[in-house]
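According to my numbering, the residues represented by the sequence shown are 6 to 483, in order.
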Amino acid sequence: MTRTLFAWVVSVSVATWASAATLRGTLRYAGMPSAETLPTFTSGKAALQPSGGSWISVDVDTASSSWVATGLSPGAYRVQVGLARVPIAFPGASAGVAVGYLPSVTLAEGEDKTVELELKYGVHVTLPFDNTGQWPGSTAICPYGPAVPLTFTFAWEQVPHAVRYQARVIRHSCQGWLGDTVVDTTNTSVAVTQRAVAGEEYLLLMLLAFDAQGHQLASMPYVSYGTTSSTGHYVHAESGPGRGVHRSSSLFLPQVAHVAGAGGSFWTSDLSLANRTATPLTVDLYFTPRGADGTANYREAQIEVPANGCQRFEDIVDTLFHTTGAGSLEIATGGVTAASRCATPAPGGGSFGQGYVPIAAGAVASLGGDVRRLGTGGVVKGAARTNLAIVEVWGEAVSVMVRLMDGEGRQLGQRQVELLPLSNVQINDLVSALGGPASLAAGLVTLEVVGGDGRVGAVLSVVDNASNDPTTIPLVPW
């Protein structure tokens, strides 16, 4: 006890010794003295911690953007400074406080040293929760943070002098990092969609803010989780009933893509949705990668369509579902109409592609339904190639027999195709795949359900081999 008291006395009386050191600091924010860029921040503290010792706190002269600590023992110090609009007791990393750090400053005997700190503003997050209060959830058990809707708003107060922001959504499984989604904006909010990456279990939300000169102004402050605190602003998706099956009101687009194709093409899909009702609609969308079981392997998104209004989204596989590849799209909310265009850039500029209208319940085939077989003409091979896309729309496995005929109705080949629930497949170069001739001027294809409880729809794409220009031909009850 006496030894501790003696050490404390030495620490506070060292100012009378010639060996005492002085540390001064100047403060800048947005590249200029803090008094000029943060004039309403009239309270400030600087805290210094010697190695193995207690914090030493001094006031900041906010009018001169500076502080000074005298009577310091030689050694290394950790430095932390904060400015705020209201009085603060300690310069911690809190929302609405501009803070600066130096991990280590070494002082020699009698040294008078000046350091400069560039302050960062602690972001005041307002949604999905306000980080000036307790953030729900936990950092002790994965998935971390509170449960929030699949699509939610990440919002914050204006950062002083910021003209643009970069919201960073860092996606994790409980085993580690999966990837980042970065959104640049001049607004103070962005929409965030969860489960955009396979295996995703929680998100870490971060924000950068920039002034007109490119200075990065923001830092993520500590947020309270009750018994613990962290600079990590975590969230995870609410538990839900899953995708669901047997929805007779759903619409299906058999083909959406963000993928390279034959002949140097690169196909992307746009989506238009129109709300036929007098109330706003939240529309549930499900993307199933080609060949996957759509009840287990899918990506989902929610979008808002205003009353009697419409929305258009470009390159939806990338922008809504944050992935690549080809697959099918389920529009699982009634009251909307939909159309899609799948296109590739044209060599001379612009683009060309094909339109798709969604497959509805009346245009599908099933084993026990009124329609068991679908078909169409228009199959060709030679100057063009024909691809067949098939989609299961009911959430049950199904077996279908695909048959190819020539213009006289003579069968040229057949193949049985097994589809998983809510899955989709594409048979490229249909004529060759079914054992047809090297060229075919006019042919037809039929698709018959031969087993399982699933329901299927299908379309042909007839693609010009020279230009990659496609034409869509739907299969109809046959």
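Cβ atoms here follow ideal geometry from the backbone N, Cα and C, with glycine treated the same way.
The structure displayed is predicted, hence computed values, not measured ones.
Given a cut-off of 9 angstroms, decide if residue j and residue i are closer than it, judged by their beta-carbon atoms.
i, j, result
"residue 468", "residue 461", "no"
"residue 337", "residue 264", "no"
"residue 190", "residue 171", "yes"
"residue 345", "residue 276", "yes"
"residue 504", "residue 194", "Outside the shown range of the chain, which is 6 to 483, sits residue 504, and nothing can be said about it."
"residue 142", "residue 150", "yes"
"residue 49", "residue 89", "yes"
"residue 395", "residue 463", "yes"
"residue 470", "residue 349", "no"
"residue 465", "residue 414", "no"
"residue 249", "residue 101", "no"
"residue 115", "residue 25", "yes"
"residue 105", "residue 87", "yes"
"residue 285", "residue 319", "no"
"residue 238", "residue 210", "yes"
"residue 132", "residue 152", "no"
"residue 451", "residue 380", "yes"
"residue 347", "residue 267", "no"
"residue 322", "residue 343", "no"
"residue 107", "residue 83", "yes"
"residue 117", "residue 29", "yes"
"residue 1", "residue 236", "As displayed, the chain neither begins before 6 nor continues past 483, which places residue 1 out of reach and without an answer."
"residue 403", "residue 421", "no"
"residue 181", "residue 202", "no"
"residue 130", "residue 222", "no"
I'd like to confirm the pairing. Which residues does DSSP put opposite residue i in its beta bridges?
i, result
"residue 397", "461"
"residue 260", "Beta-bridge pairing links residue 260 to no other residue."
"residue 346", "275 and 360"
"residue 494", "Residue 494 falls outside the range modelled here, since the chain spans only 6 to 483, and no answer is possible."
"residue 423", "404"
"residue 315", "279"
"residue 326", "According to DSSP, which records beta bridges pairwise, residue 326 is partnered with nothing at all."
"residue 418", "409"
"residue 378", "453"
"residue 482", "379"
"residue 155", "DSSP, once it has assigned bridges, lists no residue as partnering residue 155."
"residue 134", "According to DSSP, residue 134 bridges with nothing at all."
"residue 30", "72 and 120"
"residue 221", "215"
"residue 205", "For residue 205, which the question treats as bridged, DSSP gives no partner whatsoever."
"residue 335", "257 and 291"
Tell me whether residue i is buried or exposed, calling it buried when 16 or more other Cβ atoms sit within 10 Å of its Cβ.
i, result
"residue 273", "buried"
"residue 156", "buried"
"residue 270", "buried"
"residue 431", "buried"
"residue 179", "exposed"
"residue 354", "exposed"
"residue 475", "buried"
"residue 176", "buried"
"residue 75", "exposed"
"residue 95", "exposed"
"residue 280", "buried"
"residue 205", "buried"
"residue 12", "At residue 12, the pLDDT of 24 sits below 50, so the modelled position is not reliable and the matter cannot be decided from this model."
"residue 168", "exposed"
"residue 60", "exposed"
"residue 15", "Confidence in residue 15 is poor, its pLDDT being 26 and thus under 50, which makes the residue's placement unreliable; the coordinate value appears in the next sentence. By the neighbour-count rule (16 or more Cβ atoms within 10 Å), residue 15 is not buried but exposed."
"residue 200", "buried"
"residue 4", "The structure shown does not extend to residue 4, since the chain is modelled only from 6 to 483, so the question has no answer here."
"residue 313", "exposed"
"residue 477", "buried"
"residue 70", "buried"
"residue 397", "buried"
"residue 440", "exposed"
"residue 64", "exposed"
"residue 254", "exposed"
"residue 356", "exposed"
"residue 317", "exposed"
"residue 335", "buried"
"residue 482", "exposed"
"residue 447", "exposed"
Is there a Cβ of chain B sitting closer than 9 angstroms to that of residue i, yes or no?
i, result
"residue 274", "Here chain B cannot be found, since the structure has a single protein chain."
Cβ of residue i versus every heavy atom of the ligand GTP: is any distance shorter than 8 angstroms?
i, result
"residue 205", "No copy of the ligand GTP occurs in the structure displayed, which carries no ligand at all."
Three CB pairs or more closer than 8 angstroms across the region 435-446 and the region 375-393
A contact exists between the region 435-446 and the region 375-393.
contact_flag[the region 302-309, the region 358-376] where n(CB pairs < 8 angstroms) is 3 or more
Three or more Cβ pairs closer than 8 angstroms define a contact, and the region 302-309 falls short of that threshold against the region 358-376.
So, do the region 31-38 and the region 115-132 have three or more beta carbon pairs nearer to each other than 8 angstroms?
Taking one beta carbon from each stretch, the region 31-38 and the region 115-132 have 3 or more pairs nearer than 8 angstroms; the two touch.
Give the list of continuous beta strand (DSSP E) stretches no shorter than 3 residues that lie fully inside the region 57-131.
Runs of the beta strand (DSSP E) inside the region 57-131: 61-64, 71-77, 80-89, 103-112, 117-123 and 125-127.
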